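The next block holds one structure in the form of structure tokens; read it before the comments.
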Amino acid sequence: MKYILSFLVILFNGFAYQYAYSQVDRGGVPRSFQIQLIQKSQLQRIEVAAPDLLSLINEDLEDAQLEKSYRVGIEIPVTISSAIDGQWDNLPGGGRIWRVNLQCKNAQGIGLTYSSLQLPVGTDIFVYTPDHKYIIGAITSDEIPEKTFTTRPLSGDELVVEYYQPENVKEKPVIDISGIVYIYRGFEPPGIQPDKPANSGSCEVNVNCEEGQQWQKQKQGVVKILAKVGTKYFYCSGTLMNNTGQDFNGLFLTANHCSLDENNNNLPASTDDYTHWVFYFNYEYPDCTPGALTELTVVGAQKLASSDDPSDFGSDFLLLQSLNTIPAKYNPFYCGWDANISGSSSGVCMHHPDGDAKKISTYTTPLGSGTWGSTPNTHWTVKWAPTTNGHGVTEGGSSGAPLYDDEGLVIGTLTGGESSCQNLYGEDKYGKVSYSWLSNGTIPAKQLKPWLDPGNTGILKMPGSFNNNLAIADFSANNFVIPVGGTVDFYDLTTGKPDKWHWYFQGGKPAESTVQNPSGILFERYGNVNVKLVASNSYNSDSIVKEKYIDVRAVISPNPTRGAVNILTDIKNENNITIEVFDTFGKIVQRYNYSGTNSSSYTINLPEYGNVFIIRIIQGGQVQTNKVVVVH
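Position in the sequence shown (from 1) plus 1 gives the number in our numbering.
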């Protein structure tokens, strides 16, 4: 038992860093990692024949010349089932696991598609690389919105699927793997890869360089998309969109051509294909230089609307709705939009060229109006400007990326164009949100308006927003100015239904509280004091500090007075204090300095002339003034 416990401690410490690289899952460690006997057992490997890479590369070279979508992988059909394939092992203490090892040689990464994935309640599934470096899981029935499913590609050409079934669960799972997603280019595993060249061109600018500083909210709504169309997989970019209903229901805007197999008579993605689309959030370097990447993903969408005319393209838009709620821990921003026909004189595009970490391209000259197909004025035309850290352009994989105006609102989605690191000033074209609004067709399935303005409010300009389910700390108080020795009641105003609170009161008694609405907080030292609140819910924790929030006033009495006044400052004072008296002309007429008295109360006699004086109290870096009336 001691050996097993020591082994588990080492194991958990060794793999803790990996769990940031997951799709929507619950975390944890596969059971086989914990049992040495099972780890050493031989697991049969199923080898799947790899595709002809040379043929794929030649096809992609032709596609690049025709500005077709950026293909990165294909699906290799397989028939693998937990009912007949793989290996079952009993676990010490009860329960059992089923595992299957799959390999497809020379892939940069491989993922899985499931024609059916049905897990009994209480069970879960993991997918991981044999070296235990990359892990997806645990996935339960709660994370599977449809019976069909996809687990995103993991680095390398081999992976293991592991299903766990507790002893008390008798129902059998359905794990039917129908395809290997073979990624042959454009794949960058999470973590730091210092020696790996970037997928995209050398002129591109990372989104966290200074060019992206004013776009930090909007960037959190830009996603990388791994799109399935038939047996082919493409990289595109897209945007999480807000709507006038503020319902945060996972609307993704991208380009319609991302859903077409342009080499197969523009064969569109099927309803089932969309359930396998993978959306990557926050796929970016932490600063201006390459660094660690994380993979935070959601799987599956349904099509709501598109321009849907491959012969003309129209404004080339595609609107999808996620099958899963976007996790608040991703801190997603629901981007705003402008459906007016006016353009913009400056702005940016944020995108994932060649599936790379998020980049930013900047324009500083007014947009033009252009055409992609035969219908005029469906697109914005843009030329990119050089900036401090490069000259951002667009590339394959940027398709569908948002074009932002100078107010930070989405006004277009990328169809394509001529720009590249070899053609920095080539013109790119973005399907206009204003055209996509109503002009591609007469039914909701060809329009943006019914989905972005579901209440038919007529609003044409909508700001972006974070989901209010996130806890956003705020508070108020019943008094903001109190005498020394006074008390204050505080009221929590946090949005997002918080369930935990931690208050900090500078100079207060008590100094801290964990109740929602603390009352009777005593302040015995005069001056302006800070108050801090940390509020939490199941999604996140947020804090706010309100500086100089409570003004604790020295007490001067009596007022009016016949000449003498008592001044109460800090109870149990430990600071030097200066008391100055001014007449109505602003002339100082008295000054008292006290030090080391450890006193809290001082009595002074005001001048015999005059009826109004200003008393200034200086103590411990705090300054307060009070008006006193003298009745002779």
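Note that the Cβ used here is the ideal one computed from N, Cα and C, for glycine as well.
Because the structure is a prediction, the values reported are computed rather than measured.
Boundaries of the beta strand (DSSP E) in which residue i is found, first to last residue
i: Gln322; result: Leu319 to Ser323
i: Tyr183; result: Val175 to Ile184
i: Gly487; result: Gly487 to Val489
i: Glu548; result: Ser542 to Arg554
i: Asn529; result: Gly528 to Ser537
i: Gln45; result: Element bounds for Gln45: n/a, residue is neither H nor E.
i: Phe476; result: Phe476 to Ala478
i: Leu227; result: Val223 to Val230
i: Gly427; result: Unbroken run through Gly427: none, as it is neither H nor E.
i: Pro78; result: Tyr71 to Ser82
i: Ile522; result: Ile522 to Phe524
i: Asn332; result: From DSSP, Asn332 is part of no beta strand (DSSP E); its letter is neither H nor E.
i: Pro561; result: Counting along the chain, Pro561 falls outside any beta strand (DSSP E), and DSSP gives it neither H nor E.
i: Gln88; result: Gln88 to Asn91
i: Lys498; result: From DSSP, Lys498 is part of no beta strand (DSSP E); its letter is neither H nor E.
i: Val482; result: Val482 to Pro484
Range covered by the alpha helix (DSSP H) that runs through residue i
i: Trp452; result: Lys450 to Leu453
i: Ser1; result: Not covered by the structure: residue 1. The range shown for the chain is 2 to 633.
i: Gln219; result: Gln217 to Lys220
Nearest-angstrom Cβ-Cβ length linking residue i and residue j, presumed shorter than 8 Å
i: Ile572; j: Glu525; result: 4 Å
i: Tyr364; j: Lys384; result: 7 Å
i: Ser544; j: Lys501; result: Wrong, their Cβ atoms sit about 12 Å apart, outside the cutoff.
i: Thr421; j: Gly427; result: Here residue 421 turns out to be Ser, not Thr, going by the sequence shown. Confirmed, about 6 Å.
i: His392; j: Cys204; result: 5 Å
Among the options, nearest to residue i - alpha-carbon criterion
i: Val624; options: Gly528, Ser601 and Phe586; result: Gly528
i: Ser520; options: Gly497, Ala555, Asp552 and Asn480; result: Asn480
i: Thr585; options: Ile616, Asn606 and Ala565; result: Ile616
i: Met242; options: Ser437, Tyr234, Gly251 and Val162; result: Gly251
i: Lys229; options: Tyr364, Thr366, Arg153 and Ser477; result: Arg153
i: Asn594; options: Gly587, Ile619, Tyr610 and Asn606; result: Ile619
i: Val349; options: Leu324, Glu159, Ser316 and Ser399; result: Ser399
i: Thr298; options: Ser323, Val170, Val161 and Pro484; result: Ser323
i: Gly465; options: Ser203, Lys220, Trp502 and Ser56; result: Lys220
i: Tyr275; options: Phe253, Asn265 and Asp288; result: Phe253
i: Ala340; options: Lys173, Thr379, Pro93 and Ser602; result: Thr379
i: Pro333; options: Asp61, Val224, Ser33 and Glu408; result: Val224
i: Ile580; options: Ser602, Ala139 and Pro328; result: Ser602
i: Lys533; options: Pro511, Pro367, Gln507 and Leu57; result: Gln507
i: Gln247; options: Tyr335, Gly418, Pro367 and Glu428; result: Tyr335
i: Arg72; options: Val553, Ser260, Phe34 and Lys433; result: Ser260
i: Gly409; options: Met351, Gly509 and Asp454; result: Met351
i: Asp552; options: Thr626, Asn59 and Asn518; result: Thr626
i: Leu160; options: Asp132, Pro146 and Phe249; result: Asp132
Close-in-space but distant-in-sequence residues of the same chain around residue i (CB under 6 Å, 5 per side omitted)
i: Ser23; result: Any reading at Ser23 is ruled out, since the residue's pLDDT is 38, under 50, leaving its predicted position unreliable.
i: Val590; result: Val582, Asp584 and Pro608
i: Leu113; result: Thr152 and Ile178
i: Asn644; result: Look at the range of the chain in this structure, 2 to 633, and you will see that residue 644 is not part of it.
i: Phe188; result: Gln109 and Gly110
i: Leu439; result: Gln448 and Lys450
i: Tyr505; result: Glu513 and Lys533
i: Val10; result: The pLDDT assigned to Val10 is 30, lower than 50, so where the model puts this residue is not dependable, and the model offers no usable value.
Same chain, Cβ closer than 8 Å to residue i, five either side skipped, listed in chain order
i: Pro195; result: Residue placement at Pro195 is flagged as unreliable, the pLDDT there being 47, under the threshold of 50; a coordinate-derived value is accordingly withheld.
i: Tyr183; result: Ala51, Pro52, Gly74, Ile75, Glu76, Ile77, Cys105, Ala108 and Ile111
i: Ile522; result: Thr488, Val489, Asp490, Phe491, Phe506, Gly509, Lys510, Pro511 and Ser514
i: Val632; result: Pro561, Thr562, Arg563 and Asn612
7 Å Cβ shell around residue i - same chain, five flanking residues per side excluded
i: Ala358; result: Asn207, Tyr284, Glu285, Tyr286 and Leu294
i: Thr306; result: Rather than Thr, the amino acid found at residue 306 in this sequence is Ala. For Ala306, where only same-chain residues beyond five positions count, the Cβ hits under 7 Å are Leu320, Pro445, Ala446, Lys447, Gln448, Leu449 and Trp452.
i: Ile193; result: Its pLDDT being 49, under 50, Ile193 is placed unreliably by the model, and the measurement read from it follows with that caveat. Closer than 7 Å at Cβ, skipping near neighbours: Gly292 and Ala293.
i: Arg97; result: Trp89, Asp90, Asn91 and Gln166
i: Asp158; result: Gln104, Cys105, Lys106, Asn107, Ala108 and Ile111
i: Trp373; result: Phe314, Asp317, Thr379, His380, Thr416 and Lys430
i: Pro484; result: Arg554 and Val556
Below-8 Å beta-carbon distance, residue i vs any chain D residue
i: Glu548; result: In the structure shown, chain D cannot be found, because there is only a single protein chain.
Exercise. Could you give the uninterrupted runs of the beta strand (DSSP E) lying entirely in the region 337-421, keeping only those of 3 residues or more?
Worked result: Within the region 337-421, the complete beta strand (DSSP E) runs of at least 3 residues are 348-352, 360-364, 369-371, 380-383, 403-405 and 411-418.
Problem set entry | Ranges of the alpha helix (DSSP H) found wholly within the region 242-311, counting only runs of at least 4 | Fully enclosed alpha helix (DSSP H) runs of 4 or longer: 272-275.
Exercise. Could you give the uninterrupted runs of the beta strand (DSSP E) lying entirely in the region 100-160, keeping only those of 3 residues or more?
Worked result: List check, beta strand (DSSP E) in window: 110-119, 125-129, 136-140 and 150-156.
Exercise. Going along the chain, which unbroken runs of the beta strand (DSSP E) with 3 or more residues stay wholly within the region 563-632?
Worked result: Given a length threshold of 3 residues, each whole run of the beta strand (DSSP E) inside the region 563-632 is given here in chain order: 565-569, 578-583, 589-595, 602-606, 613-620 and 623-630.
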